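Here the structure is laid out as C-alpha coordinates; the discussion comes afterwards.
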Amino acid sequence: MSSASRLRRQRGYHAENMLRKMLERVNGNVVFRVPVSGARGNYPDVFVVNNLRRSITAFQVKSTTKNMVKIPRQQLYAMKRFLNAFKLYPHRVMVCAVYFQKDKKWVFTQLGSDKYLSDLIVRNVDESNWSMG
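In this note's numbering, the protein residues as written are 1 to 133.
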(Lines of atoms letter the chains of each structure in order from A and count residues from 1; the text may use other names and numbers.)
(Lines give C-alpha, C1' and ligand atoms only; values in the text may rest on other atoms or scores of the structure.)
Protein backbone atom coordinates (compact mmCIF):
# COMPACT_ATOMS: atom_id res chain seq x y z
CA MET A 1 0.00 0.00 0.00
CA SER A 2 1.42 3.39 -0.96
CA SER A 3 1.98 6.04 1.68
CA ALA A 4 -0.63 8.29 -0.01
CA SER A 5 -3.32 5.63 0.17
CA ARG A 6 -2.34 4.77 3.76
CA LEU A 7 -2.68 8.45 4.72
CA ARG A 8 -6.08 8.62 3.01
CA ARG A 9 -7.28 5.57 4.96
CA GLN A 10 -5.99 7.07 8.22
CA ARG A 11 -7.87 10.32 7.52
CA GLY A 12 -11.05 8.36 6.84
CA TYR A 13 -10.65 6.30 10.01
CA HIS A 14 -10.02 9.45 12.05
CA ALA A 15 -13.12 11.19 10.64
CA GLU A 16 -15.30 8.11 11.28
CA ASN A 17 -14.12 7.99 14.90
CA MET A 18 -14.68 11.73 15.41
CA LEU A 19 -18.23 11.32 14.11
CA ARG A 20 -18.80 8.23 16.26
CA LYS A 21 -17.76 10.13 19.40
CA MET A 22 -20.04 13.07 18.55
CA LEU A 23 -23.01 10.77 17.90
CA GLU A 24 -22.47 8.82 21.13
CA ARG A 25 -23.09 12.00 23.15
CA VAL A 26 -26.75 12.09 22.02
CA ASN A 27 -29.17 10.47 24.48
CA GLY A 28 -30.48 7.15 23.21
CA ASN A 29 -27.95 6.72 20.41
CA VAL A 30 -26.20 3.40 19.87
CA VAL A 31 -23.41 3.95 17.33
CA PHE A 32 -21.69 1.40 15.11
CA ARG A 33 -18.63 1.95 12.94
CA VAL A 34 -18.46 -0.56 10.10
CA PRO A 35 -14.74 -1.27 9.48
CA VAL A 36 -15.44 -3.31 6.33
CA SER A 37 -17.48 -0.61 4.58
CA GLY A 38 -14.84 0.75 2.18
CA ALA A 39 -15.48 2.12 -1.29
CA ARG A 40 -16.79 -1.20 -2.62
CA GLY A 41 -18.71 -2.28 0.45
CA ASN A 42 -22.47 -2.56 0.76
CA TYR A 43 -22.54 -0.96 4.18
CA PRO A 44 -22.42 2.60 5.47
CA ASP A 45 -19.26 3.77 7.24
CA VAL A 46 -21.17 4.50 10.44
CA PHE A 47 -24.75 3.98 11.51
CA VAL A 48 -26.67 4.98 14.58
CA VAL A 49 -29.80 3.48 16.09
CA ASN A 50 -31.92 5.54 18.45
CA ASN A 51 -34.65 3.39 19.98
CA LEU A 52 -36.16 6.37 21.82
CA ARG A 53 -36.85 8.07 18.48
CA ARG A 54 -37.37 4.78 16.62
CA SER A 55 -34.81 5.87 14.05
CA ILE A 56 -31.80 4.51 12.23
CA THR A 57 -29.37 6.79 10.41
CA ALA A 58 -26.69 5.62 7.98
CA PHE A 59 -23.62 7.77 7.30
CA GLN A 60 -21.22 7.84 4.39
CA VAL A 61 -18.18 9.60 5.88
CA LYS A 62 -15.55 11.51 3.94
CA SER A 63 -12.57 13.58 5.04
CA THR A 64 -10.73 15.90 2.69
CA THR A 65 -8.05 18.57 2.53
CA LYS A 66 -9.71 20.01 -0.58
CA ASN A 67 -12.67 22.39 -0.86
CA MET A 68 -15.06 19.78 -2.22
CA VAL A 69 -15.65 16.06 -2.34
CA LYS A 70 -17.60 13.86 -4.73
CA ILE A 71 -19.52 10.92 -3.31
CA PRO A 72 -20.24 8.30 -5.97
CA ARG A 73 -23.86 7.27 -6.38
CA GLN A 74 -22.92 3.62 -5.79
CA GLN A 75 -22.07 4.50 -2.19
CA LEU A 76 -25.40 6.32 -1.83
CA TYR A 77 -27.29 3.33 -3.19
CA ALA A 78 -25.44 1.10 -0.72
CA MET A 79 -26.75 3.25 2.16
CA LYS A 80 -30.27 3.00 0.79
CA ARG A 81 -30.06 -0.80 0.46
CA PHE A 82 -28.72 -1.06 3.99
CA LEU A 83 -31.54 1.04 5.45
CA ASN A 84 -34.22 -0.86 3.54
CA ALA A 85 -33.45 -3.89 5.72
CA PHE A 86 -34.67 -1.99 8.81
CA LYS A 87 -38.33 -1.52 7.94
CA LEU A 88 -39.38 -1.73 11.60
CA TYR A 89 -37.83 1.71 12.11
CA PRO A 90 -40.25 4.35 10.84
CA HIS A 91 -37.45 6.92 10.58
CA ARG A 92 -34.66 5.76 8.24
CA VAL A 93 -32.24 8.53 7.29
CA MET A 94 -29.25 8.72 4.91
CA VAL A 95 -26.57 11.33 5.65
CA CYS A 96 -23.29 12.16 3.95
CA ALA A 97 -20.90 13.53 6.58
CA VAL A 98 -17.90 15.39 5.15
CA TYR A 99 -15.10 16.72 7.32
CA PHE A 100 -13.15 19.57 5.71
CA GLN A 101 -9.79 19.45 7.46
CA LYS A 102 -8.53 22.92 6.50
CA ASP A 103 -11.70 24.52 7.85
CA LYS A 104 -12.09 22.06 10.76
CA LYS A 105 -15.73 21.91 9.70
CA TRP A 106 -18.33 19.18 9.23
CA VAL A 107 -21.00 19.42 6.53
CA PHE A 108 -23.90 17.01 6.98
CA THR A 109 -26.09 16.45 3.93
CA GLN A 110 -29.28 14.51 4.53
CA LEU A 111 -30.48 12.77 1.40
CA GLY A 112 -34.12 12.57 0.49
CA SER A 113 -35.71 9.94 -1.70
CA ASP A 114 -35.07 12.05 -4.80
CA LYS A 115 -31.44 13.04 -4.12
CA TYR A 116 -29.48 9.80 -4.29
CA LEU A 117 -29.80 8.97 -7.97
CA SER A 118 -26.60 10.70 -9.00
CA ASP A 119 -23.17 11.47 -7.59
CA LEU A 120 -23.23 14.01 -4.77
CA ILE A 121 -20.88 17.00 -4.59
CA VAL A 122 -20.35 18.54 -1.15
CA ARG A 123 -18.42 21.81 -0.82
CA ASN A 124 -16.84 23.42 2.21
CA VAL A 125 -19.13 26.46 1.77
CA ASP A 126 -22.28 24.29 1.90
CA GLU A 127 -24.52 24.43 4.96
CA SER A 128 -25.60 21.31 6.79
CA ASN A 129 -29.23 20.28 6.41
CA TRP A 130 -29.05 17.66 9.19
CA SER A 131 -28.25 17.99 12.88
CA MET A 132 -27.63 15.49 15.67
CA GLY A 133 -30.21 16.82 18.07
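Yeah, the Cβ is synthetic: ideal placement off N, Cα and C, and Gly gets one too.
Computed from a prediction, not measured in an experiment: that's the story for all the values here.
Candidates the options: closest to residue i by CA position
i      : options                       : result
Pro90  : Gly28, Leu52, Leu19, Asn27    : Leu52
Ser128 : Leu111, Ile56, Lys66          : Leu111
Val30  : Ser55, Ser2, Asn84            : Ser55
Asp126 : Asn67, His14, Ser118          : Asn67
Gly41  : Met22, Tyr77, Asp103          : Tyr77
Val49  : Met18, Gly12, Glu16, Arg92    : Arg92
Phe86  : Lys102, Thr57, Lys105, Ser113 : Thr57
Buried/exposed call for residue i, threshold 16 Cβ in 10 Å
i      : result
Gly28  : exposed
Val136 : Limits of the chain in this structure are 1 at one end and 133 at the other, which puts residue 136 out of reach.
Thr134 : This structure cannot settle anything about residue 134, because the visible part of the chain is limited to 1 through 133.
Met79  : buried
Ile121 : exposed
Gly133 : exposed
Leu88  : exposed
Residue i in three-state terms, based on DSSP
i     : result
Tyr77 : helix
Lys21 : helix
CB contact flag (residue i, residue j, <8 Å)
i      : j      : result
Phe82  : Val95  : no
Val98  : Lys62  : yes
Arg25  : Val46  : no
Asn84  : Phe100 : no
Gln74  : Gln60  : no
Asp119 : Pro72  : yes
Original post:
What are the start and end residues of each continuous alpha helix (DSSP H) run of 4 or more residues lying completely inside the stretch 31-107, in chain order?
Top reply: Runs of alpha helix (DSSP H) with 4 or more residues, each lying fully within the stretch 31-107, are found at 73-84, listed in chain order.
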